[in-house]
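Heads up: the structure comes next, in structure tokens.
Protein chains in written order, with this note's numbering: chain A, 17 to 263; chain B, 394 to 895.
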């Protein structure tokens, strides 16, 4: 008992003040890329050719955040002249098209569906489905339940049964062998319900795009309401997206 | 030429030098090794100029051996004589349609059509959804009942299907049927351009990002003659140890939660994040994504990063010790941990358990000491006293490894070498070559094996995650255990679904 108290005192209060107060991530963190659209076309092409995810459009000079795994290669190759990955982790969007970007996403709160805010603003229960996810997205979603993020203080919970849920949060490129289970889980949720695609895999197939063993795009299976980019999304990216879309 | 070729970890060989035996001799040699403390590192089929071949890499004490043969369409199962081959033979059937006759537990590993167009050895035509024809083990009797769980589980975890054959609360047998996470990793790696390799390697099992990307990088470095400087090796070693600590801490917290002792779970949940943040300081990502690449590392570790790591480790280490002390001295915890989910030394050896699961059952194998890569040759190894094979032993081994890894990192932080960050964009792999790469990731032995053809293109890319060995260990640990102890046993192994399903 004394040990419990001693440890409790040592641990203290650790919950983050975000979103009331901003939070700084270490400078090496690769968040939202900022693209210089005046960048020389040949340099853009060099980055696009080298991009392991083929996420760079040479015409528009945009990066597809739904495909990008934030490896930072284009920044290294162009020495920051084409793209620089900023510390900004706020990257959720309501439209797939918005993820093709120079680094300026529309404010998520303004684009969320109004009835969702009304329905789920005070209480949101989500069923998580890992469908071919590599366990990084899953782990960094799970971490929202730890005291630092303490997701439940916002009235958001991950629940065990789809019958208790208001929506699904999907990670992974939807392996063919999870196609049916994903649909069945979604169908088991009473309407109205939301669908969240989390991570490059669920949005575009991510590192597994092109594999004939994966569906590769959740939206082709079920209409997606909220996109959370990253590989995996930082927990704060997820937290920001959930709060802005639903609150 | 002898029947077995003695090789080194990450040593490039000409494929022509690998012994090519007839199947019967091949079988005899492997069984002989298995009977004399040998364990299977890799055993797989591949296609070479229109014919199918088998290749095996085995370890025996501190030695690695490779040998090969032509693959018959039907061959006498090695598993019939030694359990050590059981998963590998099932996988060969699944991937290449080559049937191991007389295999006592012949079922699919994952659910997909084989690569060769041969008749499916498991009698599936893949019109049906997973699991297709899957002969579940059944127990019959008046009071026997079955509990089926998954694929979608009641938490934020990966999918898989579990079937418990029970009598009341007692579990006779647990069958674990996986394959839901199959993404075609090996096929992708054999077909996509080189630039995609590191990204795929990092996501084979996301919690083992560094483990898998190290294996891939070292294998490519061997095939492409790339040299890695000392500074990059230091960063890689630190990254692998940070990955180990973060996962061990997270799981110890979760184990505590599973026996309803909440404070350590809350503390370790938060502290695990602190270690992930150290990985972020090192390479800009909490899971080590984008850090390790063939040729070196993408980020050098400067004085600033070293200082941040040192300070944070100094702050966290006593906290970790205190929380561990809290867990491992609580009578209510030990009452549930001790004697639960035991895998005997004998069984562990038979099925070739690796990593902390193996060490907790008295198999001392740690690839960091046996086949050292990067800086491990110059670092002290860890040893474990508690080897009862139960949940408590697996927990204790992990507790000890956290402290050992912390010492390793602190030692490496004192070194002066700085990495240069040279990463080649294109590489040329040596033609007709072979390399096997082994690293001790946090769960245990990760191995990648690459074969190239006469043009230096990839002929076969074989990936093995430690979970490939250890899922059977979890099934065994449930024998004659209360079904309510499943979460505890499961967490004490914490295996990868996607690493297994690849």
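No residue lacks a Cβ here, since even glycine has one placed at the ideal position from N, Cα and C.
Since residue i is in the alpha helix (DSSP H), which residue starts that stretch and which ends it?
{"i": "residue 176 of chain A", "result": "Per DSSP, residue 176 of chain A belongs to no alpha helix (DSSP H) and is neither H nor E."}
{"i": "residue 896 of chain B", "result": "Residue numbering for chain B in the displayed model covers 394 to 895; residue 896 of chain B lies beyond these limits and cannot be assessed."}
{"i": "residue 250 of chain A", "result": "No alpha helix (DSSP H) holds residue 250 of chain A; DSSP gives it neither H nor E."}
{"i": "residue 638 of chain B", "result": "623-651"}
{"i": "residue 896 of chain B", "result": "The first residue shown for chain B is 394 and the last is 895, placing residue 896 of chain B beyond what the model contains."}
{"i": "residue 17 of chain A", "result": "Premise fails: residue 17 of chain A is in no alpha helix (DSSP H) and is neither H nor E."}
{"i": "residue 29 of chain A", "result": "Residue 29 of chain A -> no alpha helix (DSSP H), and no H or E assigned at all."}
{"i": "residue 192 of chain A", "result": "192-203"}
{"i": "residue 541 of chain B", "result": "Segment 537-542 is the beta strand (DSSP E) holding residue 541 of chain B; no alpha helix (DSSP H) there."}
{"i": "residue 558 of chain B", "result": "Premise fails: residue 558 of chain B lies in the beta strand (DSSP E), 554-560, not in any alpha helix (DSSP H)."}
{"i": "residue 890 of chain B", "result": "890-894"}
{"i": "residue 219 of chain A", "result": "215-220"}
{"i": "residue 92 of chain A", "result": "89-93"}
{"i": "residue 57 of chain A", "result": "57-66"}
{"i": "residue 417 of chain B", "result": "416-428"}
{"i": "residue 614 of chain B", "result": "602-617"}
{"i": "residue 729 of chain B", "result": "724-730"}
{"i": "residue 591 of chain B", "result": "590-595"}
{"i": "residue 581 of chain B", "result": "578-584"}
By Cβ distance, which residues of its chain are closer than 7 angstroms to residue i, with the 5 residues on each side in sequence left out?
{"i": "residue 201 of chain A", "result": "143, 145, 178, 184"}
{"i": "residue 681 of chain B", "result": "602, 603, 632, 636, 672"}
{"i": "residue 166 of chain A", "result": "31"}
{"i": "residue 747 of chain B", "result": "758, 837, 838, 859, 862, 863"}
{"i": "residue 551 of chain B", "result": "574, 890, 891"}
{"i": "residue 396 of chain B", "result": "412, 414, 418, 422, 460"}
{"i": "residue 507 of chain B", "result": "487, 488, 489, 490, 513"}
{"i": "residue 85 of chain A", "result": "69, 216, 222, 223, 247"}
Output the boundary residues of the beta strand (DSSP E) element that contains residue i.
{"i": "residue 84 of chain A", "result": "No beta strand (DSSP E) holds residue 84 of chain A; DSSP gives it neither H nor E."}
{"i": "residue 868 of chain B", "result": "Run containing residue 868 of chain B: none in the beta strand (DSSP E); it sits in the alpha helix (DSSP H), 860-870."}
{"i": "residue 49 of chain A", "result": "49-51"}
{"i": "residue 112 of chain A", "result": "Careful: residue 112 of chain A lies outside any beta strand (DSSP E) and carries neither H nor E."}
{"i": "residue 564 of chain B", "result": "563-570"}
{"i": "residue 244 of chain A", "result": "242-244"}
{"i": "residue 15 of chain A", "result": "What is shown of chain A runs 17 to 263, which leaves residue 15 of chain A out entirely."}
{"i": "residue 400 of chain B", "result": "398-400"}
Throw me the rounded Cβ distance for the residue i and residue j pair, which I believe falls under 8 angstroms.
{"i": "residue 830 of chain B", "j": "residue 840 of chain B", "result": "6 angstroms"}
{"i": "residue 108 of chain A", "j": "residue 244 of chain A", "result": "5 angstroms"}
{"i": "residue 71 of chain A", "j": "residue 79 of chain A", "result": "6 angstroms"}
{"i": "residue 215 of chain A", "j": "residue 153 of chain A", "result": "4 angstroms"}
{"i": "residue 672 of chain B", "j": "residue 636 of chain B", "result": "7 angstroms"}
{"i": "residue 866 of chain B", "j": "residue 744 of chain B", "result": "6 angstroms"}
{"i": "residue 616 of chain B", "j": "residue 405 of chain B", "result": "6 angstroms"}
{"i": "residue 519 of chain B", "j": "residue 572 of chain B", "result": "Actually they are not in contact, since the Cβ atoms of residue 519 of chain B and residue 572 of chain B sit about 12 angstroms apart, beyond 8 angstroms."}
{"i": "residue 101 of chain A", "j": "residue 88 of chain A", "result": "6 angstroms"}
{"i": "residue 638 of chain B", "j": "residue 536 of chain B", "result": "Actually they are not in contact, since the Cβ atoms of residue 638 of chain B and residue 536 of chain B sit about 45 angstroms apart, beyond 8 angstroms."}
{"i": "residue 642 of chain B", "j": "residue 795 of chain B", "result": "6 angstroms"}
{"i": "residue 493 of chain B", "j": "residue 509 of chain B", "result": "Not quite, the Cβ-Cβ distance comes to about 15 angstroms (not below 8 angstroms), so this is no contact."}
Provide the residue(s) that pair with residue i in DSSP beta bridges, ordered along the chain.
{"i": "residue 450 of chain B", "result": "B:435, B:459"}
{"i": "residue 660 of chain B", "result": "DSSP, once it has assigned bridges, lists no residue as partnering residue 660 of chain B."}
{"i": "residue 855 of chain B", "result": "B:842"}
{"i": "residue 73 of chain A", "result": "A:78"}
{"i": "residue 696 of chain B", "result": "Paired residues: none, contrary to the question."}
{"i": "residue 183 of chain A", "result": "A:142, A:210"}
{"i": "residue 874 of chain B", "result": "B:564"}
{"i": "residue 689 of chain B", "result": "B:686"}
{"i": "residue 445 of chain B", "result": "B:440"}
{"i": "residue 230 of chain A", "result": "A:191"}
{"i": "residue 413 of chain B", "result": "B:461"}
{"i": "residue 834 of chain B", "result": "B:837"}
{"i": "residue 407 of chain B", "result": "B:826"}
Near residue i, what residues of its chain come up, given a Cβ to Cβ distance below 8 angstroms and the 5 sequence neighbours on each side ignored?
{"i": "residue 614 of chain B", "result": "403, 620, 621, 687, 688"}
{"i": "residue 824 of chain B", "result": "845, 846, 847, 848, 849"}
{"i": "residue 426 of chain B", "result": "397, 451, 453, 458"}
{"i": "residue 161 of chain A", "result": "167, 168, 174"}
{"i": "residue 206 of chain A", "result": "179"}
What does a CB cutoff of less than 6 angstroms around residue i pick up in its chain, not counting 5 residues either side in sequence?
{"i": "residue 225 of chain A", "result": "232"}
{"i": "residue 764 of chain B", "result": "402, 831"}
{"i": "residue 762 of chain B", "result": "774"}
Which runs of the beta strand (DSSP E) fall wholly inside the region 118-167 of chain A and span at least 3 residues, in chain order?
140-146
Which residue spans inside the region 462-532 of chain B form an unbroken alpha helix (DSSP H) run of at least 4?
479-489
Give, in chain order, every unbroken run of the alpha helix (DSSP H) that is at least 4 residues long and sits entirely within the region 747-832 of chain B.
748-753, 760-763, 784-806
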